Amino acid sequence: MKNIAITVILISLFWSCKQDEVITPVPRLKNCAIEYLCFIDDNKYLYNSSLTFPPNDPLKTIVTFDYENNQIIKTTGGFLNVPSGTNLANLSFSSDVYDSIVYRGNEILVFTKPRVIYSHSSLKEKPNNPTIFAFDKDGRLIRVVRRDSMSIIYSYADNLIMEKNSDNGIVRKFYFENENLVSVTKEYGDTTDLYYYKKEINFQDFDSKPNPLKGQYHLTGAFYRAFSTNNYSSYTIIEYMRMADGKIGKVSTYWYSMPITYTTDGYPKFGDYYLL
Numbered sequence: 241m242k243n244i245a246i247t248v249i250l251i252s253l254f255w256s257c258k259q260d261e262v263i264t265p266v267p268r269l270k271n272c273a274i275e276y277l278c279f280i281d282d283n284k285y286l287y288n289s290s291l292t293f294p295p296n297d298p299l300k301t302i303v304t305f306d307y308e309n310n311q312i313i314k315t316t317g318g319f320l321n322v323p324s325g326t327n328l329a330n331l332s333f334s335s336d337v338y339d340s341i342v343y344r345g346n347e348i349l350v351f352t353k354p355r356v357i358y359s360h361s362s363l364k365e366k367p368n369n370p371t372i373f374a375f376d377k378d379g380r381l382i383r384v385v386r387r388d389s390m391s392i393i394y395s396y397a398d399n400l401i402m403e404k405n406s407d408n409g410i411v412r413k414f415y416f417e418n419e420n421l422v423s424v425t426k427e428y429g430d431t432t433d434l435y436y437y438k439k440e441i442n443f444q445d446f447d448s449k450p451n452p453l454k455g456q457y458h459l460t461g462a463f464y465r466a467f468s469t470n471n472y473s474s475y476t477i478i479e480y481m482r483m484a485d486g487k488i489g490k491v492s493t494y495w496y497s498m499p500i501t502y503t504t505d506g507y508p509k510f511g512d513y514y515l516l
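Heads up, our numbering is the position in the sequence shown plus 240, with the first residue counted as 1.
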């Protein structure tokens, strides 16, 4: 009887503690201003760099999110084809574009509407195809299948992620510090080649606050942020080429800064929030 009484008391105490626990809902982004997103060399856009944006109109320069069962099923805001001389591959940000998102096992399928051509140099691109993001059992991104059917594979080793194409060629290298993506490098050729080229994106000025876009690789413009636990507020793009004297030199540097303010809960104000 004594053992039974002790068991009843322990169960009662446990239940009392559970009753007193307050579960704080995790804030969800309603929308995100594009200044906090990064579209450079995005797999989704087949590395198209001809991206333009309208003047800073809050109604035209945000991506909005629709949820169902705590999952984003639609994003509004993306890129439309706009003519620029003879180049029809230019893309301009528009609120007339949306992504329909489907969850299928360990994959997320992203269908973009209306029909947009991201790259005229890729004859295999099929605008009606989804961009597919596949994950392992730990939720890590392991594969992206583009709309031109090219598979991009991700392999993990300590503080490095290798991005490779279907021929096992290295496309990019992702470097990490303190669980944050701090650098992405992309090279053409090796350092002995006449036309060697390297692009380096360095993410800087991280805070110590939670990242609402962590793991959201499939959302428009969120690919780079999705790798990090915290939030960067600036990044630098540096390009290198082989110079006339045969040495490899820096040919351009671009720096971007996006000041961040925070909610009372410590979440970055990339946009508006609501609780689910």
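Think of the CB as a built atom: it goes at the ideal place given N, C-alpha and C, for glycine as much as any other residue. Note that the coordinates shown come from a computational prediction; the quantities given were computed from them, not determined experimentally.
C-alpha gap between residue i and residue j, whole angstroms
i	j	result
TYR480	LEU515	45 Å
PRO499	PRO508	10 Å
ARG482	ILE393	29 Å
ASP505	ASP447	14 Å
ILE478	THR501	27 Å
PRO294	SER389	31 Å
PHE351	TYR343	11 Å
PHE416	SER497	20 Å
ARG386	PRO370	7 Å
LYS270	ASN399	32 Å
THR315	SER340	7 Å
GLU261	ARG412	Summary for GLU261: the model assigns pLDDT 48, below 50, so the residue's position carries little reliability, and this model does not support an answer.
ASP430	TYR513	46 Å
PHE414	CYS272	24 Å
PRO323	ALA397	43 Å
ARG465	GLU347	19 Å
LEU381	ASP297	33 Å
PHE279	TRP495	15 Å
GLY345	LYS366	23 Å
THR292	HIS458	21 Å
ASN368	PHE463	21 Å
LYS364	TYR428	22 Å
LYS377	PHE319	32 Å
GLU403	ASP445	24 Å
Contact under 7 Å by Cβ, residue i with residue j
i	j	result
VAL384	ASN288	no
ILE313	LEU349	no
PHE467	LEU421	yes
GLY317	SER332	no
SER359	ASN330	no
Burial state of residue i (16 or more Cβ within 10 Å)
i	result
GLN311	exposed
PRO354	exposed
THR460	buried
TYR472	buried
TYR338	buried
SER492	exposed
ILE274	buried
ILE410	exposed
LEU277	buried
GLU308	exposed
LEU286	buried
ASP281	buried
ILE251	Legend: pLDDT at ILE251 = 46, less than 50; position of this residue unreliable, value from coordinates given subsequently. So ILE251 counts as exposed.
GLU419	exposed
Cβ separation of residue i and residue j, assumed to be a contact under 8 Å, to the nearest whole Å
i	j	result
ILE401	SER423	The Cβ separation is near 11 Å, so there is no contact.
SER395	SER406	Actually they do not touch by this definition, with Cβ atoms about 14 Å apart.
TYR475	PHE443	5 Å
PRO267	THR469	Going by Cβ atoms, the distance from PRO267 to THR469 rounds to 16 Å, so no, they are not a contact pair.
ASN408	VAL356	Incorrect: roughly 30 Å between the Cβ atoms, too far for contact.
LYS439	LYS449	Actually they do not touch by this definition, with Cβ atoms about 29 Å apart.
Practice task
Evaluate the contact criterion for the stretch 480 to 491 versus the stretch 445 to 455: three or more CB pairs, one atom per stretch, below 8 Å.
Solution key: no
Practice task
Determine contact between the stretch 432 to 443 and the stretch 295 to 309, defined as no fewer than three beta-carbon pairs at a distance below 8 Å.
Solution key: no
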